[in-house]
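Residues 20 to 133 in my numbering are what the sequence shown spells out, letter by letter. Positions of the beta carbon are idealized from the N, C-alpha and C atoms, including for glycine. Below is one structure, written out as structure tokens; comments come after it.
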Amino acid sequence: QVQLVESGRGLVQPGGSLRLSCAASERIFSFQGLGWYRQAPGKERELVAQFSLGGTTIYAGSVKGRFTLSRDDSKNTVYLQMNSLKPEDTAVYYCYALSARVYWGQGTQVTVSS
């Protein structure tokens with residue numbers, strides 16, 4: 020059972036930055052997929068960014084150029100650096116990992132508002 024613990028929730032103004040962290044209970048280098056989804060009120064959960072098998076990094080078009088996904092395998096942690104935040108980035112952000120099955124974190128709230 021993989022456990023994913025997110026941190027970095029917050030309220031930021033438009034144009035601001037925030038970094039989310041996700042610490043895994045197992046070595047992340049073995050995961051077939053690793054990244055972040057988000058879910059805004061009344062909307063479906065959507066992919067934000069992920070490391071996929073083969074080493075590629077995929078970003079949603081709406082965040083490309085503003086968000087950066089990174090990882091520290093020595094700490095079993097994946098990060099999402101979010102810059103130039105917009106009100107439409109407001110959502111609950113979920114860390115996920117794909118191993119034998121998909122594992123989800125508990126979610127962390129990000130609110131972008133003036």
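Candidates the options: closest to residue i by CA position
{"i": "S26", "options": "S81, S36 and T127", "result": "T127"}
{"i": "S133", "options": "I47, R28, G34 and G73", "result": "G34"}
{"i": "V111", "options": "G73, G80, E45 and G124", "result": "G124"}
{"i": "V97", "options": "G29, L104, S71 and D108", "result": "S71"}
C-alpha gap between residue i and residue j, whole angstroms
{"i": "T130", "j": "R64", "result": "16 Å"}
{"i": "A59", "j": "R90", "result": "25 Å"}
{"i": "Q51", "j": "Y115", "result": "11 Å"}
{"i": "Q100", "j": "L39", "result": "6 Å"}
{"i": "S118", "j": "V31", "result": "33 Å"}
{"i": "D92", "j": "A43", "result": "10 Å"}
{"i": "G74", "j": "V82", "result": "19 Å"}
Sub-8 Å separation of residue i and residue j beta-carbons
{"i": "L66", "j": "C41", "result": "no"}
{"i": "A68", "j": "G84", "result": "no"}
{"i": "Y56", "j": "Y113", "result": "yes"}
Problem set entry | Complete beta strand (DSSP E) runs within the segment 27-104 (minimum length 3 residues, chain order) | 29-31, 37-43, 52-58, 65-71, 76-78, 86-91 and 96-101
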